[in-house]
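A.B. asks:
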Amino acid sequence: MTALLEQTQAPPAATSGGRRGGYRARWAVRLTSLAAAVLAWQWVTAGDVRLWVRFDRLPTPVEVWRELVRQLGEPVHYEDVAQSLVRILTGFGIAAVLGIGLGIAIGRSRLLADVLQPLFEVVRPIPAIALVPVAILLFPTNEQGIVFITFVSAFFPILVSTRHAVRALPTVWEDAIATIGGGRIRTLASVVLPGALPGVFSGLSVGIGVSWICVISAEMISGDYGVGYRTWKAYTIVDYPGVLVGMLTIGALGWLTSASVERAGRWATRWLPANLKDRTR
Amino acid sequence: MRFELSGVTLGYGGDAVVGGLDLEVRSGEILVVVGGSGCGKSTLLRALAGLLPPRGGRILADGQPVRGPSSERALMFQEDALLPWRSARRNVELALAIRKVPDRRRHSERWLAEVGLGEHAARLPAQLSGGQRQRVQLARTLAAQPRAILMDEPFGALDAQTRAGMQQMLLDLHRANPATVVFVTHDVDEALILADRVAVLTPRGVEAVLDASAATKEEILCSLRA
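Residue numbers (our numbering), protein chains in the order written: chain A, 2 to 282; chain B, 17 to 242.
1. Quick check on A63 (chain B): buried or exposed, where buried means 16 or more other Cβ atoms within 10 Å of its Cβ?
2. Count the other C-beta atoms from every protein chain shown that fall within 10 angstroms of the C-beta of E68 (chain A), then say buried if there are 16 or more, exposed otherwise.
3. Roughly how many whole angstroms lie between the Cα atoms of A38 (chain A) and A253 (chain A)?
4. By the 10 Å Cβ neighbour count, where 16 or more other Cβ atoms means buried, how is S86 (chain B) classified, buried or exposed?
5. Can we say the stretch 209-224 of chain B touches the stretch 40-52 of chain B, given the rule of at least three CB pairs closer than 8 Å?
6. To test your reading of the DSSP string, which unbroken beta strand (DSSP E) runs of 3 or more residues are found completely within the stretch 52-87 of chain B?
7. Compute the distance between the beta-carbons of I137 (chain A) and S223 (chain A), then report whether it is under 8 Å.
8. What first and last residue would you give for the beta strand (DSSP E) that runs through R121 (chain B)?
9. What are the residues that DSSP puts in a beta bridge with M221 (chain A)?
10. Curious, which full-length beta strand (DSSP E) runs of at least 3 residues does the stretch 86-159 of chain A contain?
11. What separation, rounded to the nearest whole angstrom, lies between the Cα atoms of I127 (chain A) and T151 (chain A)?
12. Considering just the uninterrupted stretch of the alpha helix (DSSP H) at V65 (chain A), what are its terminal residues?
13. Anything in chain A within Cβ reach of L128 (chain B), meaning under 9 Å, just list it in chain order.
14. Rounded to the nearest angstrom, what separates A14 (chain A) and R21 (chain A) at their Cα positions?
15. Measuring straight from C-alpha to C-alpha, what distance separates Q8 (chain A) and P242 (chain A)?
16. In three-state DSSP terms, what is M182 (chain B)?
17. Looking at C-alpha atoms only, which residue of A:R51, A:W53 and A:T46 is the closest neighbour of L59 (chain A)?
18. Using beta-carbon positions only, say whether V201 (chain A) and A235 (chain A) come within less than 8 Å of one another.
19. Rounded to the nearest angstrom, what separates V244 (chain A) and D176 (chain A) at their Cα positions?
20. For a cutoff of 8 Å on Cβ pairs, would you count V262 (chain A) as touching chain B?
21. Along chain A, in chain order, which residues have C-beta atoms closer than 7 Å to that of I114 (chain B)?
22. Can you give me the C-alpha to C-alpha distance between N276 (chain A) and W101 (chain B), rounded to a whole angstrom?
23. Taking a contact to mean a Cβ-Cβ separation below 8 Å, would you say T25 (chain B) touches G66 (chain B) in this structure?
24. Pick out whichever of B:T157, B:V48, B:P70 and B:V33 has its Cα sitting closest to the Cα of G54 (chain B).
25. Do A104 (chain B) and H136 (chain B) have their beta-carbon atoms positioned less than 8 Å apart in this structure?
26. Exposed or buried, I238 (chain A), counting other C-beta atoms within 10 Å across all chains shown (16 or more means buried)?
27. Between the stretch 194-203 of chain B and the stretch 155-170 of chain B, do at least 3 Cβ pairs fall closer than 8 Å?
28. Compute the Euclidean distance between the alpha carbons of A114 (chain A) and A260 (chain A), then round it to the nearest angstrom.
29. Give the C-beta separation of R18 (chain B) and D78 (chain B) to the nearest angstrom, bearing in mind that I take them to be a contact with Cβ-Cβ under 8 Å.
30. Please list, in chain order, the chain A residues whose beta carbon lies closer than 7 Å to that of S124 (chain B).
31. If we call anything under 8 Å between Cβ atoms a contact, is L98 (chain B) one with P162 (chain B)?
32. What number of angstroms, rounded off, separates the C-alpha of M248 (chain A) from the C-alpha of W233 (chain A)?
33. Go to V200 (chain B), then tell me how far its beta strand (DSSP E) extends in each direction, as first and last residue.
34. Candidates A:S162, A:T172 and A:P171: which alpha carbon is nearest P199 (chain A)'s?
35. Would you check if the distance between the CB atom of I159 (chain A) and the CB atom of G208 (chain A) is smaller than 8 Å?
36. Applying the criterion that 16 or more other CB atoms from any shown protein chain within 10 Å of the CB defines a buried residue, is D205 (chain B) buried or exposed?
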């Protein structure tokens, strides 16, 4: 019993110190895991290991690192990154505005749902990348076609999540505002839009990920610049370290944009109980 | 505000919840509606608020037919109706913004102080207890300055001590701002504490309307059983 009392009456400083220690230990595990993966990569590629999978054709991490350093010193690398980012931000931005707007409209209006939903349900199952030939036919420049593909890929996840979020709002919020005199505009601005934000950001998170997949694929097929185009070009001239640098660049850009959307989402929905808990931790 | 209901039938979809309702609510009184679960108490309040059109009969508010929600008839819900992304103060400010009241921050803090929550104005609903959330809802309802306050078992989920405090607060606030109050509860004791008059509701309609100062618990229970 005494031992139990001593345990339960431990000073809080020791608890927070223990938590800090646990935090460091977790980071140590994560970094060790990454380092082990890079070492394994170096071992199988430098040793030309051929099991069923052929590692002898892949560049080593050291070769990729040297190529990365070389590319970072060349302006064309930054031009490619900028070009891909402009395409992503334009396509995703248009998809966000239209997806959220139409998602709310369909979620709120039966008439609009009847008019637009059948059309969307027909187009939605077609993978955006399958629309590349249509984009080439429709748009005068490759650039516009790529932005269109990016837009289509992000549009449907955003639209569907927003529509679901609007339809799932508790009716009591709206009723409460109506009975203190709030009209339609007030309800839309004060209840529907902020209430749907958790669902909207789920759609934006999925949308940004899918739009990266599609912009890179579209650049590989029909681009003149961009990270996807450069990666594919490296492959065609058998520059495998260049391919790996392209992949790492795509990963880094994807992580940066996804993390930005996630962070914006956490800020916009900081009232959610889970986010409140994070803030007080 | 005075309500008159004559021959009112209410329901959702294909099902009628309550029929043949005849009731008068006098201006400035606290009318408590008691009844068992599913007898149509909340449905009645939604109809008075204009959220549910009657299927038959007519509902008049100050002689005018009720044709939709209005800031003159504010409904306070049993469940959590606060907007969770707005602090207590900003929830109250919403009612003031709809009324286009200037200096909303000061006014909302005054209303929160009226319900004893002046110190918690900056907190989000999730950071408040159930009783505190109901008090914020009451402050928001009062800030709308309605002529009728419709209360749907607002204290039903609270513990006995908090409920007693809220009942006293409601009586004090009603003394200061004598709007018409229609209060729904299944608790006969609560009805006798709060009411000027008690209406006993069953699925057949209003069984009895009793003067609370003269009525006894047994009398109300007897009407409910009938």
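The beta-carbon is built from N, C-alpha and C at its ideal position, and this holds for glycine as well.
C.D. replies: So, from the listed chains and residues:
1. By 1-based counting over the second sequence, the position of residue 63 (chain B) is 47. With 16 or more Cβ atoms within 10 Å of its Cβ, A63 (chain B) is classed as buried.
2. Within the first sequence, the letter at position 67 stands for residue 68 (chain A). By the neighbour-count definition (other C-beta atoms within 10 Å, threshold 16), E68 (chain A) is a buried residue.
3. The residue given as residue 38 (chain A) occupies position 37 in the first sequence. The residue given as residue 253 (chain A) occupies position 252 in the first sequence. Using only the alpha carbons, I get a separation of about 17 Å.
4. The count along the second sequence starts at 1 and reaches residue 86 (chain B) at position 70. It is buried - the Cβ of S86 (chain B) has at least 16 other Cβ atoms within 10 Å.
5. yes
6. 72-77
7. As a first step, residue 137 (chain A) is located in the first sequence; it is residue number 136 there, counting from the start. As a first step, residue 223 (chain A) is located in the first sequence; it is residue number 222 there, counting from the start. Closer than 8 Å, so yes.
8. Translated into the one-based positions of the second sequence, residue 121 (chain B) becomes position 105. First-last for R121 (chain B): R120 to E130, but that is the alpha helix (DSSP H), not the beta strand (DSSP E).
9. Taking the first residue of the first sequence as 1, we reach residue 221 (chain A) at position 220. Paired residues: none, contrary to the question.
10. none
11. The sequence position of residue 127 (chain A) within the first sequence is 126, counting from 1. The sequence position of residue 151 (chain A) within the first sequence is 150, counting from 1. One C-alpha to the other measures close to 14 Å.
12. To locate residue 65 (chain A), count along the first sequence from 1; it is residue 64. P62 to L73 is the extent of the alpha helix (DSSP H) around V65 (chain A).
13. Walking along the second sequence from the start, residue 128 (chain B) turns up at place 112. The contacting residues do not exist; L128 (chain B) stays about 16 Å from chain A at best.
14. As a first step, residue 14 (chain A) is located in the first sequence; it is residue number 13 there, counting from the start. As a first step, residue 21 (chain A) is located in the first sequence; it is residue number 20 there, counting from the start. Model confidence at A14 (chain A) stands at a pLDDT of 46, short of 50, so the residue's coordinates are unreliable and nothing is read from them.
15. Along the first sequence, one-based indexing puts residue 8 (chain A) at 7. Along the first sequence, one-based indexing puts residue 242 (chain A) at 241. Reliability of the predicted coordinates at Q8 (chain A) is poor, the pLDDT of 40 falling under 50, and the value obtained from them is presented with this limitation in mind. Cα to Cα, Q8 (chain A) sits roughly 56 Å from P242 (chain A).
16. Along the second sequence, one-based indexing puts residue 182 (chain B) at 166. Residue state, collapsed to three classes: helix.
17. On the first sequence, residue 59 (chain A) is found 58 positions in, with the first residue counted as 1. Considering only alpha carbons, the answer is A:T46.
18. To locate residue 201 (chain A), count along the first sequence from 1; it is residue 200. To locate residue 235 (chain A), count along the first sequence from 1; it is residue 234. No, Cβ-Cβ distance for V201 (chain A) and A235 (chain A) is not below 8 Å.
19. Along the first sequence, one-based indexing puts residue 244 (chain A) at 243. Along the first sequence, one-based indexing puts residue 176 (chain A) at 175. In a straight line, the C-alpha of V244 (chain A) is about 57 Å away from that of D176 (chain A).
20. Position 261 of the first sequence, counted from the start, is the residue given in the question as residue 262 (chain A). No, V262 (chain A) does not count as interfacial toward chain B.
21. Your numbering for residue 114 (chain B) matches position 98 in the second sequence. By Cβ distance, chain A contributes I181, G182, G183 and R187.
22. Residue numbering aside, residue 276 (chain A) sits at position 275 when the first sequence is read from its first letter. Residue numbering aside, residue 101 (chain B) sits at position 85 when the second sequence is read from its first letter. Answer to the nearest angstrom: the Cα atoms are 12 Å apart.
23. Here the question's residue 25 (chain B) lines up with position 9 in the second sequence. Here the question's residue 66 (chain B) lines up with position 50 in the second sequence. No, Cβ-Cβ distance for T25 (chain B) and G66 (chain B) is not below 8 Å.
24. The residue labelled residue 54 (chain B) in the question sits at position 38 within the second sequence. Nearest of B:T157, B:V48, B:P70 and B:V33 to G54 (chain B), Cα basis: B:V33.
25. The count along the second sequence starts at 1 and reaches residue 136 (chain B) at position 120. The count along the second sequence starts at 1 and reaches residue 104 (chain B) at position 88. A contact, by the Cβ cut-off of 8 Å.
26. Counted from its first residue, the first sequence places residue 238 (chain A) at position 237. Exposed: under 16 other Cβ atoms inside 10 Å.
27. yes
28. Within the first sequence, residue 114 (chain A) is the residue found at index 113, counting from 1. Within the first sequence, residue 260 (chain A) is the residue found at index 259, counting from 1. A260 (chain A) has its alpha-carbon roughly 32 Å from the corresponding atom of A114 (chain A).
29. As a position in the second sequence, residue 18 (chain B) is number 2, starting the count at 1. As a position in the second sequence, residue 78 (chain B) is number 62, starting the count at 1. Sure, about 6 Å apart at Cβ, within 8 Å.
30. As a first step, residue 124 (chain B) is located in the second sequence; it is residue number 108 there, counting from the start. Here the premise fails: no neighbours, minimum Cβ distance about 13 Å.
31. Along the second sequence, read from residue 1 onward, the residue named residue 98 (chain B) stands at position 82. Along the second sequence, read from residue 1 onward, the residue named residue 162 (chain B) stands at position 146. Not a contact, by the Cβ cut-off of 8 Å.
32. Sequence index remark: in the first sequence, residue 248 (chain A) carries index 247 (1-based). Sequence index remark: in the first sequence, residue 233 (chain A) carries index 232 (1-based). Going from the Cα of M248 (chain A) to the Cα of W233 (chain A) covers about 10 Å.
33. Here residue 200 (chain B) is taken as the residue at index 184 of the second sequence, counted from 1. Run containing V200 (chain B): T196 to T201, per the beta strand (DSSP E) assignment.
34. Numbered from its first residue, the first sequence carries residue 199 (chain A) at position 198. Considering only alpha carbons, the answer is A:S162.
35. Taking the first residue of the first sequence as position 1, residue 159 (chain A) is located at position 158. Taking the first residue of the first sequence as position 1, residue 208 (chain A) is located at position 207. Using a Cβ distance threshold of 8 Å, I159 (chain A) and G208 (chain A) count as a contacting pair.
36. The residue labelled residue 205 (chain B) in the question sits at position 189 within the second sequence. By the neighbour-count rule (16 or more Cβ atoms within 10 Å), D205 (chain B) is not buried but exposed.
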